[in-house]
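Note that the protein sequences, when read in sequence, are chains Z and D. Number 129 in this note's numbering belongs to position 128 of the first sequence; there are no gaps in the numbering. Number 1267 in this note's numbering belongs to position 201 of the second sequence; there are no gaps in the numbering. From the three backbone atoms N, C-alpha and C, an ideal C-beta is built for every residue, glycine too. Quick caveat: nothing in here was measured; it's all calculated off a predicted structure. Beneath this line is the structure, given in structure tokens, with notes to follow.
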Amino acid sequence: MLLEIENLVARYGRITALNGISLTVGEGEIVTLIGANGAGKTTTLRAISGLVRPASGSIRFDGREIDRLAPSEIVRAGIGHAPEGRHVFPRMTVRENLELGAYTRRVRSEIADETARVLDIFPRLKERYAQKAGTMSGGEQQMLAIGRAMMSRPRLLLLDEPSLGLSPKLVQTIFVVIREINARGTTILLIEQNARQALAVASRGYVLEVGSIAHSGAASSLAASEAVRAAYLGGAA
Amino acid sequence: MDVFFQQLINGLSLGGIYALIALGYTMVYGIIELINFAHGDVYTLGTFFSLAILTLLGVDSVVHGPALIGVLAVTILGAMILCGLTGVIIERLAYRRLRNAPKLAPLITAIGMSFILENLMLYWRGPSPVPFPQVIPNPQFALGAVTIQAKQIIVVLLAVVLMVVLQTFVYNTRLGKAMRATAQDKDAAQLMGIDINTTIALTFLIGSALAGAAGFVSGMYYGSTWFFNGFGAGLKAFTAAVLGGIGNLAGAMLGGFLIGLIEAMTTQFISDQWSNVVVFSVLVLVLIFRPSGLLGESLPNKV
Ligand SMILES: Nc1ncnc2c1ncn2[C@@H]1O[C@H](COP(=O)(O)OP(=O)(O)OP(=O)(O)O)[C@@H](O)[C@H]1O
Ligand SMILES: [Mg+2]
């Protein structure tokens, strides 16, 4: 397994956000984590990236314990993260944002290749190359956040609600892109409000309910499960 | 008219010192949103460090020729390094652990840090003004009725050179970009692989080193200092940073020179006692019409 999380507990002060969750992501997979607002999805990704310190439990990446590493070391280990709410650098241009995405990399030619790949996937970013990220539309910022996370050439890409607030057409584009990135060899852990589409693109899924995993399994069986359909897929399909 | 040009020269020299100090305020505010009240005291410390280095070198009067360049280089660099380290230590000991605390906690701590530095300097060099030796020959150049002193040229030149170096560093190097990224979004910076503890320490190092350079310059310019010197100068420099747009490097420089000019002109054409009133009135007026300062960017919030 590329990523193995065991009995992860995370707290914010007295609030327990994750109450001992376990999940795995295999090399080359797309795995989705779905759940209601406040279930702990974002906290899970932030714990993987080292932005939240687990209270207990373990996180292993490629066989190595990463739960005590600094966020910057976790990036170097091969994990990219497009966070919830985009978090692009507002007073920097698209170009500078992408350069920062490649902060851990030194070989100029590789960085240039990766930039070309990102601009190929998101032609809109090419048009906006010299624009300050803070002045771009929400959808454009989302593309930049994903593109920026790709720039470190991660083995595992964490995507936190990449389709949030986008027009239906752009949502389709994002899901196509997720497949494309995965087809190029990047493993993906995807959080989505849009559970139906997330389960369509993923091979496996986990359903998080108030800090615990309530259901898990093949994406197709989750999509077919009565309980999941009732709670997350808006009833009958 | 001659008086005006004379005050223009004087104001620019004064402004060069303010600008160097203002850069430290603006850099620290830009990266951790802290008004570092201790910064003015680091500047005074820079004057005392310079004095100590000159004493160590056995220099107590005017130096000529190549030896002068050597003395200046060693003293300025020495003061910059010592002040830079002081800044790093202050951040490490006092501010780092309060990074996620409510804003008031680090602010109060900064005021406390300022008291500590002032009292250390009081203990070290006593309560009265301490003379600073004239190490540079100070020929004067006459332009009509206006005289320019060599030390005024040095002040402005040093300020401008350091600012150009700083600007180049921040905008064109990898570490400079990491600093800007940390200032704009700490979580995102960490997700890029940036070690924000390092970039924040670096910010304190550079900002405090610039205060160290200002400290040397001020000793040379005024010929003395005392432990409480940083209070007033710090306040003016902080005003300069806000005037220019806090967090903005070019703004701090512009603000510093403007405050120096306003002060020199007010002293000449109105009265000494009015200079603070005028400086702060200008600040209030500017903030009414441009709340983010002269060069401050106001970007729309994230969509
Ligand atoms: N910084 C914080 N301080 C205190 N509590 C927090 C913090 N961040 C999250 N929480 C709490 O932790 C719980 C899990 O939050 P999290 O953001 O992980 O949920 P989520 O599943 O991503 O929700 P959403 O779908 O709304 O994004 C929530 O109850 C939330 O209120
Ligand atoms: Mg979330």
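- Bounds of any beta strand (DSSP E) do not take in Gly86/Z, whose DSSP letter is neither H nor E.
- The C-alpha of Leu1100/D lies about 8 Å from the C-alpha of Lys1169/D.
- Secondary structure of Asp114/Z (DSSP, three-state): helix.
- Selection Ala83/Z, Ser168/Z, Glu128/Z evaluated against Asp1253/D yields Ala83/Z as nearest (Cα-Cα).
- Met1258/D has a beta carbon lying within less than 8 Å of a beta carbon in chain Z.
- Cβ neighbours of Ala1280/D within its own chain (closer than 6 Å, five residues either side excluded): Ile1083, Leu1086, Ile1087, Tyr1109.
- Annotation for Val95/Z: Leu126, Arg129, Tyr130, Ala131, Gln132, Ala134, Met137, Leu145 place their beta carbon closer than 8 Å to its own, counting only its chain and skipping 5 residues before and after.
- Nearest C-alpha to Thr1092/D among Val1352/D, Leu1351/D, Ile1266/D: Ile1266/D.
- For Ala71/Z, the C-beta contacts it makes with chain D under 7 Å involve Asp1261, in order along the chain.
- Taken in chain order, the members of the region 102-120 of chain Z whose beta-carbon sits within less than 7 Å of a beta-carbon on chain D are Gly102, Tyr104, Thr105.
- Contact between the region 1145-1164 of chain D and the region 1260-1278 of chain D is established, with three or more Cβ pairs separated by less than 8 Å.
- Gln1215/D is bridged by DSSP to Gln1206/D.
- The C-alpha of Val76/Z is placed about 17 Å away from the C-alpha of Leu1241/D.
- By the neighbour-count criterion, in which 16 or more other beta carbons inside 10 Å mark a residue as buried, Ser1341/D falls on the buried side.
- A straight-line Cα-Cα distance of about 39 Å links Gly140/Z and Thr1305/D.
- C-alpha of Gln1339/D to C-alpha of Gly1326/D: approximately 15 Å in a straight line.
- For Phe1293/D, the closest alpha carbon among the candidates Gln1334/D, Met1067/D, Leu1078/D, Ser1194/D is that of Ser1194/D.
- Taking 9 Å as the upper bound on Cβ-Cβ separation, chain Z lies near residues Arg1240, Lys1243, Ala1244, Arg1246, Ala1247, Ala1249, Gln1250, Asp1251, Asp1253, Ala1254, Ala1255, Gln1256 of the region 1231-1256 of chain D.
- Identification of chain D residues near Met93/Z by a Cβ-Cβ cut-off of 9 Å yields Lys1243, Arg1246, Ala1247, Gln1250, ordered along the chain.
- Bridge partners of Ala219/Z according to DSSP: Arg205/Z.
- Sequence-distant Cβ neighbours of Ile1075/D in its own chain, meaning closer than 7 Å and more than five residues away, are Val1212, Ile1214, Gln1218.
- Not one beta carbon of chain D lies nearer than 8 Å to the beta carbon of His216/Z.
- For Ile1336/D, there is no enclosing beta strand (DSSP E), since its DSSP letter is neither H nor E.
- In this structure, Ala150/Z is the residue among Glu181/Z, Glu115/Z, Ala150/Z with its C-alpha nearest to the C-alpha of His88/Z.
- Distances between the C-beta of Thr43/Z and the heavy atoms of ligand 2 include at least one below 7 Å.
- Using a 10 angstroms sphere on the CB of Ile80/Z, the tally of other CB atoms reaches 16 or more, which defines it as buried.
- Distance from the CA of Ala215/Z to the CA of Leu165/Z, rounded to the nearest whole angstrom, comes to 23 Å.
- Using a CB distance below 8 Å, the part of the region 52-65 of chain Z facing chain D consists of Leu52, ordered along the chain.
- Pro84/Z reaches chain D at Asp1253, Ala1254, Leu1257, counting residues in chain order whose Cβ is nearer than 8 Å.
- Looking at the backbone, the Cα of Tyr1237/D and that of Ala1247/D are separated by about 11 Å.
- C-alpha of Met1258/D to C-alpha of Val1283/D: approximately 39 Å in a straight line.
- In this structure, Glu193/Z has its CB at a distance of at least 7 Å from all heavy atoms of ligand 1.
- For Asp161/Z, the distance from the CB to the nearest heavy atom of ligand 2 is below 7 Å.
- If the five residues before and after Ser1290/D are omitted, its C-beta is found closer than 8 Å to the C-beta atoms of Pro1195, Val1196, Pro1197, Phe1198, all from its own chain and listed in chain order.
- Inclusion of Met1319/D and Gly1077/D in the CB contact set at 8 Å is not warranted, their separation being larger than that value.
- When the beta-carbon positions are compared, Gly21/Z and Gly58/Z come within less than 8 Å of each other.
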